[in-house]
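Visitor: In the numbering used here, the protein residues as written are 20 to 173.
The C-beta atom is built at its ideal place from N, Cα and C for all residues, glycine as well.
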């Protein structure tokens, strides 16, 4: 499982527009990666829209921060999700779970007694130096963007 102080793994993933992103030194600034299970589901939509609505506050921080949503959904699904909710940041399609698994976020889950594998909703703050600054595990979608902002504004 991803922890603070470790180096964020490198990757190359496409966003909803087919643009290739790589990390951790893509932009030379801090980055927030929020990992979510599935496009256009209630909790994931709530979380994605809260980050969308909070983007001006994130952008106004003195160390301007990039935001990325990451799920195993394909580019086409991300494009539909981003368009439907006017999401104004990249959604990375980790269809092979390259980044998700390297961070230990592909885990056994359970719903109504049925076990299955899925993404553990987690947010990772990565410094401009490529090191993990903060990890929020088992995130509750409602109010999470505000929680991350509060941490950054402290």
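Would DSSP call residue 31 helix, strand or coil?
Guide: Of the three classes helix, strand and coil, the one that applies to residue 31 here is strand, per DSSP.
Visitor: Looking only at DSSP bridge pairs, what is residue 51 linked to?
Guide: DSSP output for residue 51 lists 86 and 144 as bridge partner(s).
Visitor: Would you say residue 92 lies against chain B (beta-carbon separation less than 8 angstroms)?
Guide: In the structure shown, chain B does not exist; there is a single protein chain.
Visitor: Between 20, 151, 36 and 29, which lies nearest to residue 108 when the distance is taken from Cα to Cα?
Guide: Of the listed residues, the one whose Cα sits closest to residue 108 is 36.
Visitor: Where do the N-terminal and C-terminal ends of the beta strand (DSSP E) with residue 65 fall, by residue?
Guide: Run containing residue 65: none in the beta strand (DSSP E); it sits in the alpha helix (DSSP H), 61-79.
Visitor: Looking only at C-alpha atoms, which of 129, 21 and 91 sits nearest to residue 114?
Guide: The shortest C-alpha separation from residue 114 is found at 91.
Visitor: Please identify the residue among 66, 70 and 119 whose C-alpha is closest to the C-alpha of residue 31.
Guide: If we check each option's Cα against that of residue 31, 119 comes out closest.
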